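Worksheet: one structure, shown below.
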Amino acid sequence: MAAVKNKTMALKEAVATFVNDGDTVYYGGFQIMVPMAITHELIRQKKRGLKILNASTDAGGLDLLVGAGCVAEMHLAWAMNWYVKAPYAIRRAFQAGRVKRHDLSNFGATSALLAGYLGIPFIPVRGNIGSDMIKHNPRDLKVMEDPFSGEPIPVVRAWRADVAVIHAQRADWLGNVVAWGTRGVTDELGCMAAKRGVIVTAEEIVDPEAVRSDPDRTVVPYFKTLAVVHCPWGAHPSACRGYYGVDIRFCQYQGKYERSEHLLPIFLEQWVYGCEDHEAYIRKYIEKFGKEGLERLRPVLGFKPKMDVDYGYHDPAVWKGVPQYTDENIKA
Amino acid sequence: MAAVKNKTMALKEAVATFVNDGDTVYYGGFQIMVPMAITHELIRQKKRGLKILNASTDAGGLDLLVGAGCVAEMHLAWAMNWYVKAPYAIRRAFQAGRVKRHDLSNFGATSALLAGYLGIPFIPVRGNIGSDMIKHNPRDLKVMEDPFSGEPIPVVRAWRADVAVIHAQRADWLGNVVAWGTRGVTDELGCMAAKRGVIVTAEEIVDPEAVRSDPDRTVVPYFKTLAVVHCPWGAHPSACRGYYGVDIRFCQYQGKYERSEHLLPIFLEQWVYGCEDHEAYIRKYIEKFGKEGLERLRPVLGFKPKMDVDYGYHDPAVWKGVPQYTDENIKA
Amino acid sequence: MFRNYKLHELMVVRCAKEIRDGEVVFAGVGLPLITVSFAMATHAPNMILLTEGGSIRATAPPGLAITVDDPALFCNGDAASGMLSTMAALQRGEVDVAFIGGAQIDRYGNVNSTGVGNWDEADTFTYFAGSGGANDMAASAKRVLAMMPQDPKKFVERVDYVTTPGPGKVNGFQTGKGWIPGGPTMVVSTMGVYKFDDNTREIYLAEYFPGLPVERIRANCSFDLKISPDLKQTPIPSEEELTTLRSIDPTGFYLD
Amino acid sequence: MFRNYKLHELMVVRCAKEIRDGEVVFAGVGLPLITVSFAMATHAPNMILLTEGGSIRATAPPGLAITVDDPALFCNGDAASGMLSTMAALQRGEVDVAFIGGAQIDRYGNVNSTGVGNWDEADTFTYFAGSGGANDMAASAKRVLAMMPQDPKKFVERVDYVTTPGPGKVNGFQTGKGWIPGGPTMVVSTMGVYKFDDNTREIYLAEYFPGLPVERIRANCSFDLKISPDLKQTPIPSEEELTTLRSIDPTGFYLD
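Residue numbers (the working numbering), protein chains in the order written: chain H, 1 to 332; chain V, 333 to 664; chain B, 665 to 920; chain E, 921 to 1176.
In structure tokens, the structure reads:
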């Protein structure tokens, strides 16, 4: 029997192996769980011409990626570093014509990811009708006639990435990805729709036996996963549910660099190119802002499941030798 | 402050209050988790003209409902009492013109429920193209042109019931419904799409605090729920995950009655009309087939979640008084 | 009477009054989330809270949330199944009240949260974040409250980009026909409260904030603002209301 | 040589050989589920198992499952997110092999699992269960194995109801054009193994079961059955194969 494949690897190797220039990339997370360690590694490896798909993204991760010149197009609803109130690098790149934006509403984008997940070519949505998004994003949005009612209805094109990049709470070495506290928002959709598969950084790597004790929590099953990377603090400065909160001060600090065309390269030099990997980035953080900076991010724990759950199995062998139930009516 | 509403009630009251003749009903479960106690109560109350929506259904529950004359139309992919290899009462009702069948593939039906869940009027599917289902079910299925690619693609009309009826492992008295071991297959979709809401029978009723300790497991949130009924063995003779397996011998016994137009009324008289409620039905079962009949259905337990999960909360009050992070580059 | 409350407190207390007990409310981060926690703590204890990150709650979160997928929203939540589940409730028409923000609004209630300038001449266009869920909320909620800062560049004749169509005819689609939705139904700015004329579908000033002369409100609006014949002053929050409100955000994270 | 194995055992072992290690396999209840457990236990330890109830597994279930949403399929499963998740994988084209059953098949591989008789004259129509997932499997899996009983009423010139279109032109749709799928790719009946001619898209006998003369197989088919020039006998299961197989269903729940 062939050995079951262990998919754990270093982030450097995962990104080098599974992300190509020009790829369409599902970019995971929402306002938290932003795949920041992967973002830095994409920048370090000077990936170019990426086409990004996602619903909404915060904490400036995508702003860094665009500012570093990795992105050619973005299909999405919302991109921000909320803590400085704008996506500065994206704004500059759009003005300079370096990046194309294809805007949808948040549920328009989520529906496009859902259609990709379902393997269907498009899906109707209720939003977007009458907006300028229909004018400016004909690639993703059309208004058609509902063949059942004859009424006009917007439809969005299915989004399917080549590769998905996400940060998760846990994964096993086989590649099963576990999320709790809202099942990953849109990550389940974006990942399953990805054609080649998923690169996941996780706070903890566990044995498949742990995941299999509660398969309802799996949001990405192993057969979609390309690489599992053990990466504590992999979403920093965004939050990771149950592990750390948003580092608001660092988002603001990073945001001040994002704000200026001249300063951003200094940030990238110091915090991305100048750090060999995410561990080095966290070491630099501690050197510069102290361990108390990270300590401040620790969550209040104690919100633990309290229901007694058992998946229970029934063995059909019990039926062996049990006679048919019958009575006077059905004897024949 | 108004008191929070307790939605627990007797099944008799729930069905009398929330199901009207002529209603479109999402019929829960799949091969297991069939809402059998609700089925019996619908029959007892002589509900008429129901239009049933579901993907696939087994264990003869729907066959009894049709055989008792409650159903006018069925939109679905598959109906069976697998243990006698046919849906006999449905077959007879179709032949006599008493029931209309609108057939889709299983994922066609699931997609129709998903479209109802999403609040969109229709959704594309990959299956059904070229089949006779397109000829015979134009109400639910059309082939249209994908507005993005121009290729032909089947679409199914969204299904939205007036009311959904399901059996669940647990619910709280507020109406939150919990499922584990595959998240209810299609119940989450059929229930959320229901316009008036959901009647749920559950093996156990728990406090909201228990459910809230693990909100990822909620498949129907309380605001969609009309009535919560405590009903152990409520899916018998189908299975309830973690509580009991399929009662194959009883399915076969019931199936022998389903098989004959003349025998079915005797079954209904003895096991449905003749039992005041589901408790009486279970008492009758024990009288007739012994407690060992139920004991045989006990699952093998010990398949319990083993991951240490904490939803973790981060208090933004920690940021009070923490100065901005800065350095020589961004002093200005 | 002008010193004992803050502008945000006035806005939040005013907005909260639009929520009726037992309603389904879709709230984003920031002031809307404070607003619903305040409503739950006062006149709407049976309110049902939905958020974009997928939270469904019968109770206020255990503390402040600073993102729409904040762990706070899921700790002791009633359900948590991702954006699909709550946005689907919105699309099914089950949301009574939703909140949106925006950077520009025009006389016909079109809201812009995408950017200012001419989109077709990219170098003139200053991108904000994008629609996010704003367009979805306005498309499907029964009542839509917009909370916005007000100045002449923000209250304009015609928004530069229609992110969220208002209750009139936009881009060839007439709202209110068939299922086609109707945009914001009320606007609470930093200066007053606005509603829409059912016939002309034009915005008008319904309430002015205490101490703000109508002339100053007009001056912060670059179109000819209609004023309600029944113009009222927005009520000043009571001491009791302020005490409750401040207990929800004790460090002034949002309210300061 | 005809006495030491059962017909179902022969069918299961033959079908299992169609599964290659590492493939994604969609299996329904009964013989298919036994087939995949057998493949996992022998030559395909890295097979990926999906079921209609939503199970995704790297390992065989801890025991026999008797429904497609059986608890057995989720105990120690790798993922369990309902029918959406596995059927979506199917629609995305990620399933290598799927199994279907059926009550009738015709010379062009159309399969009927809906009912026999004339649908438009209801009183003549005997309903079976309906499509279930059969149509979906055949529409989207790369290879589709049909396991069916064979007699002249089941192997017919034209099925009474096309539940699952075969690899030819049906109801105006030509399979294999664009994304339009192609129906069953192999049929294992109770008498032999069938494949389809790439040009004529017609079914032909590729293997006969041990001890069954081709004439008897022809007699159990009501159209003029084509026979492969390379007709082979289906291999008899080895002792080792039978031992492994019987350990999966020790009480003979399916195999007897």
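The C-beta atom is built at its ideal place from N, Cα and C for all residues, glycine as well. Since we're looking at a predicted model, the values are computed, not measured.
Beta-bridge partners of Asp103/H (DSSP): Leu76/H. Taking CB atoms only, Leu1004/E has a neighbour in chain V less than 9 Å away.
Counting only Cβ-Cβ distances below 9 Å, Gln584/V has no contacts in chain E at all, with the closest Cβ about 13 Å away. Gln45/H carries a coil assignment under DSSP once its states are collapsed to helix, strand and coil. Neighbours of Thr550/V in chain B, taken as residues at a C-beta separation under 9 Å, are given in chain order as Ile720, Gly741, Asp742, Ala743, Ala744 and Ser745. A direct Cα-Cα distance of roughly 45 Å separates Val1015/E from Asp647/V. In the displayed model, His167/H falls within a strand according to three-state DSSP. The DSSP-derived three-state label of Asn1055/E is helix.
Here Ser131/H really is in contact with Thr828/B; their C-beta atoms are around 7 Å apart, less than 8 Å. Runs of the alpha helix (DSSP H) spanning 4 or more residues and lying entirely within the stretch 555–627 of chain V occur at 580–590, 596–599, 610–621 and 623–627, in chain order.
The beta carbon of Glu203/H does not come within 9 Å of any beta carbon belonging to chain V, so the residue lies off that interface. For Val823/B, the three-state secondary structure derived from DSSP is coil. Inter-residue distance for Lys636/V and Val510/V is about 16 Å (C-alpha atoms, whole angstroms). Scanning Gly293/H, Gly302/H, Asp308/H and Glu328/H for the CA closest to the CA of Trp651/V turns up Gly293/H. Nearest CB-CB separation between Ala1126/E and chain H: not below the 9 Å threshold.
Along the stretch 303–325 of chain H, the positions whose C-beta sits under 7 Å from a C-beta of chain E are Tyr311, Gly312, Tyr313, His314, Asp315, Pro316, Ala317 and Lys320, read in chain order. Put simply, the CB of Ser111/H is far from chain E, with every gap to its CB atoms at 9 Å or more. Comparing C-alpha distances from Arg581/V to each of Tyr575/V, Tyr589/V and Tyr657/V shows the shortest one belongs to Tyr589/V. Judged by beta-carbon spacing, Phe1048/E lies beyond the 9 Å limit of Ser1060/E, meaning their Cβ atoms are not closer than that value. Taking C-beta separations shorter than 8 Å and ignoring five residues to either side along the sequence, the partners of Glu151/H in its chain run Glu145, following chain order. Around the beta carbon of Thr907/B, fewer than 16 other beta carbons sit within 10 angstroms, so the residue counts as exposed. By the CB criterion at 9 Å, Ala194/H and Ala168/H fall outside the cutoff.
Contact annotation: in the stretch 1044–1066 of chain E, residues whose CB is within less than 9 Å of a CB in chain V are Thr1044, Phe1045, Thr1046, Tyr1047, Phe1048, Ala1049, Gly1050, Ser1051, Gly1052, Gly1053, Ala1054, Asn1055, Asp1056, Met1057, Ala1058, Ala1059 and Ser1060. Within the stretch 496–544 of chain V, the beta strand (DSSP E) runs of at least 3 residues that lie entirely inside it are, in chain order, 529–538.
Taking 8 Å as the upper bound on Cβ-Cβ separation, chain E lies near residues Leu446, Val457, Arg458, Gly459, Asn460, Ile461, Gly462, Ser463, Asp464, Met465 and Ile466 of the stretch 443–466 of chain V.
With distances taken between CA atoms, Ile683/B lies nearest to Ile712/B out of Gly875/B, Gly847/B, Glu904/B and Ile712/B. Considering only beta carbons, the part of the stretch 771–790 of chain B lying closer than 7 Å to chain H consists of Thr778, Trp783, Ala786, Asp787, Phe789 and Thr790, in chain order. Interface residue (Cβ-Cβ distance to chain E less than 9 Å): Arg212/H is classified as such. Closest in alpha carbon position to Ala317/H, among Ala534/V, Arg628/V, Val403/V and Gly360/V, is Arg628/V.
Where Ser911/B is concerned, the enclosing alpha helix (DSSP H) starts and stops at Glu903 to Ile912. Contact of Val689/B with chain H is not assigned, every C-beta pair being separated by 9 Å or more.
Between the alpha carbons of Ala16/H and Thr186/H lies a gap of roughly 25 Å. Residues of the stretch 215–241 of chain H whose Cβ lies closer than 7 Å to any Cβ of chain E, in chain order: Pro215, Asp216, Thr218, Pro221, Tyr222 and Phe223.
In this structure, Ala37/H lies near Tyr281/H, with their beta-carbon atoms less than 9 Å apart. Here DSSP, grouped into helix, strand and coil, assigns Asp395/V to helix. Taking Ala1054/E as reference, the option from Asn966/E, Asn1030/E, Asn1038/E and Lys1073/E with the minimal CA-CA separation is Asn1030/E.
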